[in-house]
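Here is the structure we will look at.
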Amino acid sequence: MTQPYVPNLSHCGIFCRDLDLMKAFYTGVFDMQETDRGEGVTFRFQIVFLSGRHDQHHQLVLAGGRASDAPSTVMQLSFKVQTLDHLREARRRALALGATQMRGLNHGNALSIYCMDPEDNTVEVYLDTPWYVSQPHGDPLDLDQDDAAIWAQTESVVRTDPSFMPVAEWASRFVQRRELRGGAP
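Position in the sequence shown counted from 1, then plus 286, gives you the working numbering.
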């Protein structure tokens, strides 16, 4: 191999009861657009491809065929944003488009909101912090506080955790472990 082997998770798909409802939710909350739609050749149901990036044909695939009484098997779909205001905007949009069970969690290494989409799949929207603490870690997150208070509270909590380190140090250790296993940096 001339290129190092570095797989990159690029998209996921979920079975849906109502494709149009689910498309409206994900395009409305996350500014995705439909890139293609049709009946699958080997999967004989309607498939809708969505992306929020010009360089990625699809990031999310919605497929029909989920029975009306079938529970979700999605543990969570996670979307990354860059600022606390983006997190607040995602919360506003999701609630306006039918999300339920909205809650905020401070993971120390990320600030997250979680909700259920219109078909009861768990959706997370998060932004990274500059710190690492071992996971799982979850304190309440109140997005109605101002940014400075949220960041100060987060830093105060993570610095008391025995596993605390700057995320750059965690990343360096990750690369070292990978190299010891003979993997690409």
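We treat Cβ as the ideally placed atom computed from N, Cα and C, and that holds for glycine.
- In the three-state reduction of the DSSP assignment, M308 falls in the helix class, which pools H, G and I.
- Between V411 and Q362, the gap from beta carbon to beta carbon reaches 8 Å or more.
- Annotated as distal: M318 and L348, with beta-carbon spacing of 8 Å or more.
- Fewer than three beta-carbon pairs drawn from the region 383–391 and the region 329–346 are found closer than 8 Å, and the two stretches are therefore not classed as touching.
- D403 counts as buried, since no fewer than 16 other beta carbons sit within 10 angstroms of its beta carbon.
- Residue pairing by DSSP places D414 opposite A396 in a beta bridge.
- DSSP places Q439 in the helix class (H, G or I) of the three-state scheme.
- Exposed is the label assigned to E465, since fewer than 16 other Cβ atoms lie within 10 Å of its Cβ.
- One Cα belongs to A438, the other to D447, and the distance between them is close to 15 Å.
- At the C-beta level, G350 and L307 stay beyond 8 Å of one another.
- Going by DSSP, E320 is part of the beta strand (DSSP E) stretching over 319–325.
- Contact holds between the region 429–444 and the region 362–374, because three or more Cβ pairs, one in each stretch, are under 8 Å apart.
- F311 is positioned such that its CB atom lies closer than 8 Å to that of G384.
- The beta carbon of S364 sits closer than 6 Å to those of E410, all from its chain and outside the five residues before and after it, given in chain order.
- In the three-state scheme derived from DSSP, where H, G and I count as helix and E and B as strand, G350 is classed as coil.
- Just measuring C-alpha positions, the residue of H297, E441, D406 sitting nearest D355 is D406.
- In the DSSP assignment, the residues bridged to S364 are E410.
- Around the CB of A457, fewer than 16 other CB atoms lie within 10 Å, so the residue is classed as exposed.
- Residues V419, V444 of the same chain have their beta carbon placed closer than 6 Å to that of F450, with the five preceding and five following residues left out of the count.
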